[in-house]
Amino acid sequence: MTTANNLSAKHASNWQDTVSCGDIVAFEMPSEHLHNPLQPPKKALPWLVVDEAIYVGTRYLTLARGHAIGTTFNHGAQIRVEHSAAFGAAGLSQPTVYNLRGLVIVSVNHEGFAPNKDGTPVLGRLVGDELVQLEHLRARIHAINVEHAEGRADLLKLQALLAKRSGRQMSGMIIPAPIAIPTPDPQQ
């Protein structure tokens, strides 16, 4: 699904610092082979960098997996890279769809990134309408996240008020975090 791209030289030595939203990266979803060397690794697939953030001093990327157009995975919010110029610039060899329903968050230091011979997993970048579509979807995602954060803040205020009225100590609220793929512990 991927081809060599001229962006490799640009990203080779410091791709962890320069990779950004709209880039396509080769990433291998962790599987049992990380804990069982006898199991063959899965093939690295093209993933779209949807967002980036720094948590506790570490840079993380939000990724959406790419699928060949026409597969059964084409549902929900998605970015379709269909035209030859678009999938060529993205470093892809065929039309691909990125489903934003199954996002994962990984550290740029995760061993699932599959660097090419130049030392970078960056395959290419979205251009034109596809990049504009990604920016619109990112704006929607951020708006929803802000709305949810405001709702959580209101819920915390209500919990504090109820705890105060009942004379109980407020223990806090558990807020589920997005799914993140941890880097396997090499000591295990």
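Residues 15 to 202 (my numbering) are what the sequence shown spells out, left to right.
Beta carbons are placed, not taken as given, at the ideal position from N, Cα and C, and that holds for glycine.
- Beta-bridge analysis with DSSP links Thr32 to no other residue.
- Here Tyr69 is exposed, its C-beta having fewer than 16 other C-beta atoms within 10 Å.
- The continuous stretches of beta strand (DSSP E) do not include Ala128, and DSSP gives it neither H nor E.
- Assigned with DSSP and collapsed to three states, Val120 falls in strand.
- By the neighbour-count definition (other C-beta atoms within 10 Å, threshold 16), Ile38 is a buried residue.
- Residue range Thr72 to Ala82 is occupied by the beta strand (DSSP E) that includes Ala82.
- The DSSP-derived three-state label of Val146 is helix.
- Going by C-alpha positions, Arg94 is about 25 Å away from Ser121.
- Ranked by Cα distance from Gly138, the first of Leu117, Trp61 and Leu172 is Trp61.
- Per DSSP, reduced to three states, the secondary structure at Val141 is coil, with no helix or strand assignment.
- Annotation: Ala91 is outside any alpha helix (DSSP H) and is labelled neither H nor E by DSSP.
- In the three-state scheme derived from DSSP, where H, G and I count as helix and E and B as strand, Glu42 is classed as coil.
- Within the same chain, Cβ atoms closer than 6 Å to the Cβ of Arg73 are found at Val122, the five residues on either side in sequence being excluded.
- Following the DSSP letters along the chain, one finds Ala58 in no beta strand (DSSP E), marked with neither H nor E.
- Here Arg115 has Gly90 as same chain residues with Cβ atoms under 6 Å from its own Cβ, once five neighbours each way along the sequence are excluded.
- Closest option to Glu125, judged by alpha-carbon separation, among Phe41, Ser27 and Trp29: Phe41.
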